[in-house]
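Here is the structure we will look at, set down as structure tokens.
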Amino acid sequence: MNLVRTLIYKNTLTYVPDACEHCGAANEDYTIVKNGKRKTMVKLLSNQGTPCFLELHKQRFFCRQCHSSFVAQTSYVKKHC
9 MNLVRTLIYK NTLTYVPDAC EHCGAANEDY TIVKNGKRKT MVKLLSNQGT PCFLELHKQR
69 FFCRQCHSSF VAQTSYVKKH C
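Take 9 as the starting number for the sequence shown in the working numbering and just add one per residue.
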């Protein structure tokens, strides 16, 4: 078995969305609710030869207006990563 020492940074991305990404409904009277989290692994630059990863738990949201879900986004990580 090949054991490689790895650094894993763990973090959570969550916020209160202003509107639904699909239908544009404003987040008033609990129109958009939290709907669990989605775990993603993002490869970072290695640190002194040690591979580094970011384990990011992105908040999922559910829109009660259009019955669709979407995931929290940040400019530091690509959309579908």
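Note that CB positions come from ideal geometry on N, CA and C, so glycine has one too. Only a predicted model underlies this, so the values are computations on that prediction, with no experimental measurement involved.
query                                                                                                       : result
Integer Cβ distance of N47 from E63, believed to fall under 8 Å                                             : It is worth fixing the name first, because residue 47 is Lys in this sequence and not Asn. Confirmed, Cβ separation roughly 7 Å.
Terminal residues of the beta strand (DSSP E) in which V50 lies                                             : I40 to N55
Sequence-distant residues of the same chain with beta carbon closer than 7 Å to S54, five excluded per side : C60
For L62, the first and last residue of its enclosing beta strand (DSSP E)                                   : T58 to C71
Short Cβ contact (9 Å threshold) for V41 with F78                                                           : no
Identified DSSP bridge partners for S77                                                                     : F70
Proximity to T39 [Cα-Cα], best of M49, K66 and P25                                                          : P25
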